[in-house]
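Undergrad: My structure is below; once you've seen it, I'll send some questions.
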Amino acid sequence: MIQTPLESLKKIFGYDAFRLHQQEIVDGLIRGEDAFVLMPTGGGKSLCYQLPALHRPGVGIVVSPLISLMKDQVDSLKAYGVKAAFYNSSLSGTEARKVLARLHGGKLDLIYIAPERLMSREFLERLNDIPIALFAIDEAHCISQWGHDFRPEYRQLGRLRGLFPEIPLIALTATAEAHTRRDILERLGLRQARSYISGFDRPNIRYTVLEKRKPFAQLTTFLQPRYKGTGIVYCLSRQRVEKVAGALTEAGFQAAPYHAGLPAGARKQVQEDFLRDDIRIIVATVAFGMGIDKSNIRWVVHYDIPKNIESYYQETGRAGRDGLPAEALLLFGYGDISLARGLIENSKNPERRRIELHKLNAMVGYAEALSCRRRILLGYFGESLAEDCGNCDICLNPPRLVDVTEDSRKALSCVYRVGQRFGMGHVIDVLRGSQKERVLELHHDRLSTYGIGRNRSQEYWGSLLHHLVHNGFLEQDVGNYSVLKLTDAARPLLRGEQTLSMAEPRVKTETASLTHRR
Ligand code: ADP
Ligand code: ZN
Numbered sequence: 001m002i003q004t005p006l007e008s009l010k011k012i013f014g015y016d017a018f019r020l021h022q023q024e025i026v027d028g029l030i031r032g033e034d035a036f037v038l039m040p041t042g043g044g045k046s047l048c049y050q051l052p053a054l055h056r057p058g059v060g061i062v063v064s065p066l067i068s069l070m071k072d073q074v075d076s077l078k079a080y081g082v083k084a085a086f087y088n089s090s091l092s093g094t095e096a097r098k099v100l101a102r103l104h105g106g107k108l109d110l111i112y113i114a115p116e117r118l119m120s121r122e123f124l125e126r127l128n129d130i131p132i133a134l135f136a137i138d139e140a141h142c143i144s145q146w147g148h149d150f151r152p153e154y155r156q157l158g159r160l161r162g163l164f165p166e167i168p169l170i171a172l173t174a175t176a177e178a179h180t181r182r183d184i185l186e187r188l189g190l191r192q193a194r195s196y197i198s199g200f201d202r203p204n205i206r207y208t209v210l211e212k213r214k215p216f217a218q219l220t221t222f223l224q225p226r227y228k229g230t231g232i233v234y235c236l237s238r239q240r241v242e243k244v245a246g247a248l249t250e251a252g253f254q255a256a257p258y259h260a261g262l263p264a265g266a267r268k269q270v271q272e273d274f275l276r277d278d279i280r281i282i283v284a285t286v287a288f289g290m291g292i293d294k295s296n297i298r299w300v301v302h303y304d305i306p307k308n309i310e311s312y313y314q315e316t317g318r319a320g321r322d323g324l325p326a327e328a329l330l331l332f333g334y335g336d337i338s339l340a341r342g343l344i345e346n347s348k349n350p351e352r353r354r355i356e357l358h359k360l361n362a363m364v365g366y367a368e369a370l371s372c373r374r375r376i377l378l379g380y381f382g383e384s385l386a387e388d389c390g391n392c393d394i395c396l397n398p399p400r401l402v403d404v405t406e407d408s409r410k411a412l413s414c415v416y417r418v419g420q421r422f423g424m425g426h427v428i429d430v431l432r433g434s435q436k437e438r439v440l441e442l443h444h445d446r447l448s449t450y451g452i453g454r455n456r457s458q459e460y461w462g463s464l465l466h467h468l469v470h471n472g473f474l475e476q477d478v479g480n481y482s483v484l485k486l487t488d489a490a491r492p493l494l495r496g497e498q499t500l501s502m503a504e505p506r507v508k509t510e511t512a513s514l515t516h517r518r
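Residues in the sequence shown are numbered from 1 upward in steps of one, following UniProt numbering.
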C-alpha cells in the first residue's frame with residue numbers, strides 16, 4: 001500500500017505536521033528534482049532526505065563528514081524501524097561485508113558514507129548494479145573554502161551530478177552566507193536546483209549593539225536588571241575571560257570562567273553547575289556552548305566583537321531556546337576591530353585572509369548599521385523579513401541623526417594642523433585642550449585648533465573621528481601607528497560645500513526589562 005509522505009511522517013516518525021519547506025523539499029525529491037536546503041542546526045534537515053529515500057525505489061546515499069554523527073543518525077533511524085546502516089572506517093572487515101551484502105541485496109533504505117569512500121572507484125563501481133533513490137550531501141558547506149569547515153575530500157563530490165544525471169541530489173547545510181551558498185551550488189553542479197532557506201529567525205531574541213566605552217560598567221548595567229536569569233558573556237581571549245569573570249565575582253555576581261586552557265575537570269564542573277542554574281553567569285571563549293543543551297539561557301553578551309556573523313548568530317542563538325523573551329547584547333569597540341584585523345593579517349594563507357576580512361567587515365557592517373538588526377542577520381543567511389522586526393534596538397529606539405558638519409570641520413582642521421602625523425588619541429587631546437606633557441612639548445597648545453572642541457567629550461570625538469574614517473574623509477595609516485590623514489574627500493567638507501550627519505552613539509543599555517513587542 002502506498003502512503004503519502006505526510007502519512008509516513010506520522011506513522012514512521014510520529015510527527016503531526018511538516019515544518020516550513022519540508023513538504024515541498026520532500027515532494028520535489030520524490031519527483032526527481034535537486035534541492036539545496038539551508039536551515040539552522042535543529043531545523044529538521046534530516047527528514048528532507050530520509051522521507052523521500054523511503055518513497056523512492058532504491059537506497060538513499062547520505063554523505064556525512066563525521067563518523068560519530070553517522071552512528072547517531074543510523075541508531076535513531078533504526079529505532080523508527082528504518083533499514084539504515086553506515087559504511088566507514090570504524091567497521092571491522094566482517095561488519096563492512098555485511099553492510100555491502102545488504103546494500104547489494106536491496107535491503108537498505110539509507111546508507112551513510114564518508115565522501116572519500118563514496119567517490120572511491122571501487123564503491124562507484126558497486127553503484128552501477130544498485131538502484132539509487134537519491135544522494136544527500138550533509139554539511140555541504142565543507143565543499144567550500146568560504147565555509148568555516150572546508151574539507152578537501154568533499155571536492156570529489158562535484159563529480160556526482162555528472163556521473164548520475166538522473167538521480168536527485170540534495171545538499172544541506174546550516175551555515176552559509178552568500179559566497180558559500182553560490183560556491184556550494186556551483187561545485188556540486190546544482191545551478192538548476194531550487195533553494196530552500198528557512199528557520200533562521202529567532203523572533204524572541206532581542207538584538208542590541210552598544211558602542212564599547214567602559215565595557216565593564218556597561219556589562220554590569222546590563223546585568224543588574226537581568227541577573228535573575230542565566231547567561232553567557234563571550235570574550236575573545238582567555239585572559240579577558242579570566243579578568244571579566246574575576247571582576248564580576250568581585251562585584252558580587254555569581255560568575256565562572258570557561259575556556260580551553262582550564263583543566264577538563266574544572267570545565268565539566270562549570271558546565272554542570274550552569275546547567276543546574278547553580279552558576280548564573282558563564283564568562284567564556286567560543287570554546288563554550290558546543291553541545292550545551294540549556295533552554296533557559298536568558299541573555300548572551302559579546303564583550304568583544306566576534307570574527308564573523310556566522311559565529312555571532314550561533315552564539316546568540318544559544319539564548320531563549322525555550323521561546324521566551326531573551327536578549328543578545330554586542331559591545332562594539334573600534335579597538336577590537338583593529339585587533340581582529342591584525343590577527344587576520346597574520347594568517348599565512350592569502351585566500352583565507354581575504355575571506356576572513358570580508359566576513360569581519362560584514363560583522364562590522366552589522367554593528368554600525370542603522371537599520372533593523374534582524375533584517376541584516378537574516379539577510380546574511382539569505383532569508384528575508386516582510387517588515388522590520390520590532391524587537392531590536394534600532395526598531396525599538398530608532399537612531400537620531402545629528403548634524404556634525406561643524407564638528408567635522410574642527411576635527412579635520414585639527415588633523416591637518418598637527419601635520420597629519422598623529423593618531424586619534426593625540427588629535428582628541430589637542431581638540432579638547434589637554435594639558436598633557438606630550439601636547440605641551442610639541443607646542444600643540446599653540447595651534448589654532450587647540451581647545452576648540454572642549455565642549456564635547458572624549459568619547460564623542462572618538463565616535464566622530466571613526467565616523468569620518470568610515471565615510472572616507474580620513475584614513476588611518478595602518479602600517480604607521482594609525483596616524484590620521486585627510487583624504488581628497490575631506491576638502492569639500494572643510495570648505496563648507498558639504499554637510500555631514502551622524503547617528504547619536506549608543507552607549508547605554510535601556511534598562512527597560514524584557515517585554516515583548518511582537
Ligand atoms: P538538523 O539536521 O537540521 O540539525 P534534525 O533533522 O536533526 O535537524 O532535526 C532536529 C529535531 O527536530 C529532531 O529531533 C527531529 O526529529 C525534529 N523534527 C524534524 N522535523 C520535524 C517535524 N516536522 N515535526 C516535529 N519534529 C521534527
Ligand atoms: Zn528590528
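Ideal Cβ positions, reconstructed from N, Cα and C, are used throughout, including at glycine.
(1) What number of angstroms, rounded off, separates the C-alpha of R97 from the C-alpha of I130?
(2) Rounded to whole angstroms, what is the Cα-Cα separation between T511 and A326?
(3) I'd like to check one pair, R194 with A367: are the Cβ atoms closer than 8 Å?
(4) How would you write the range of the alpha helix (DSSP H) that H358 sits in, first residue to last?
(5) Would you mind reading off the limits of the alpha helix (DSSP H) that contains R373?
(6) My assumption, with CB atoms under 8 Å, is that V300 sits in contact with Y234. Please give the rounded CB distance.
(7) Could you give the DSSP three-state label for V404: helix, strand or coil?
(8) Determine the DSSP secondary structure at Y207, reduced to helix, strand or coil.
(9) Take every Cβ of the region 393-406, pair it with every Cβ of the region 499-509, and state whether three or more of those distances are shorter than 8 Å.
(10) Could you say which of A256, L54, C392 lies nearest to Y207 if we only look at CA atoms?
(11) With 16 as the cutoff for other CB atoms within 10 Å, does M1 come out buried or exposed?
(12) Would you list the residues whose beta-carbon is nearer than 7 Å to any heavy atom of the ligand ZN, in the order they occur in the chain?
(13) Quick one: Cα of A171 to Cα of L377, how far?
(14) Could you tell me the distance, in whole angstroms, from the CA atom of H444 to the CA atom of R456?
(15) According to DSSP, simplified to helix, strand and coil, what is P492?
(16) Would you call the region 421-428 in contact with the region 455-471, where contact means no fewer than 3 C-beta pairs closer than 8 Å?
(17) Which residue marks the beginning of the alpha helix (DSSP H) containing D183, and which one marks its end?
(18) Verify whether the separation of the beta carbon atoms of V430 and Y450 is less than 8 Å.
(19) With a threshold of 7 Å on Cβ separation, who are the neighbours of Y416 within its own chain once the five nearest residues in sequence on each side are excluded?
(20) Is Y49 near the ligand ADP, with its Cβ less than 7 Å from a heavy atom?
(21) So within the UniProt domain "Helicase C-terminal" (215-363), which uninterrupted beta strand (DSSP E) runs reach at least 3 residues, ignoring any that extend past its ends?
(22) Please report how far the alpha carbon of K78 lies from the alpha carbon of T220, in whole angstroms.
TA: With the given structure in hand:
(1) Rounded to the nearest angstrom, the two C-alpha atoms are 16 Å apart.
(2) Reliability fails at T511, whose pLDDT of 45 lies under 50, so the model's placement of it is uncertain and the value that follows must be treated cautiously. Whole-angstrom Cα-Cα distance: 14 Å.
(3) Not in contact: A367 and R194 (Cβ atoms no closer than 8 Å).
(4) Counting along the chain, the unbroken alpha helix (DSSP H) around H358 starts and ends at 350-368.
(5) In this chain, the alpha helix (DSSP H) harbouring R373 covers 373-380.
(6) Beta-carbon to beta-carbon, V300 and Y234 are separated by about 7 Å, close enough to satisfy the 8 Å threshold.
(7) Three-state DSSP puts V404 in coil, outside helix and strand.
(8) It is a strand residue.
(9) Contact holds between the region 393-406 and the region 499-509, because three or more Cβ pairs, one in each stretch, are under 8 Å apart.
(10) It is C392.
(11) Confidence is the limiting factor: at M1 the pLDDT is only 49, short of 50, which leaves the residue's position unreliable, though a coordinate-based value still follows. Exposed: under 16 other Cβ atoms inside 10 Å.
(12) So the residues near the ligand ZN by this Cβ test are C372, R373, R374, R375, D388, C389, G390, N391, C392, I394, C395.
(13) For the pair A171 and L377, the Cα-to-Cα distance works out to about 22 Å.
(14) Computed Cα separation, rounded: 19 Å.
(15) P492: helix per DSSP, three-state reduction.
(16) The region 421-428 is in contact with the region 455-471.
(17) Here the alpha helix (DSSP H) through D183 covers 178-187.
(18) By the CB criterion at 8 Å, V430 and Y450 fall inside the cutoff.
(19) Result list for Y416: L486, in chain order.
(20) No, since every heavy atom of the ligand ADP falls outside the 7 Å radius drawn around the Cβ of Y49.
(21) Entirely contained in the UniProt domain "Helicase C-terminal" (215-363), the beta strand (DSSP E) runs reaching 3 residues are, in chain order, 230-234, 255-258, 281-284, 297-302, 326-332.
(22) So the two alpha carbons sit approximately 50 Å from each other.
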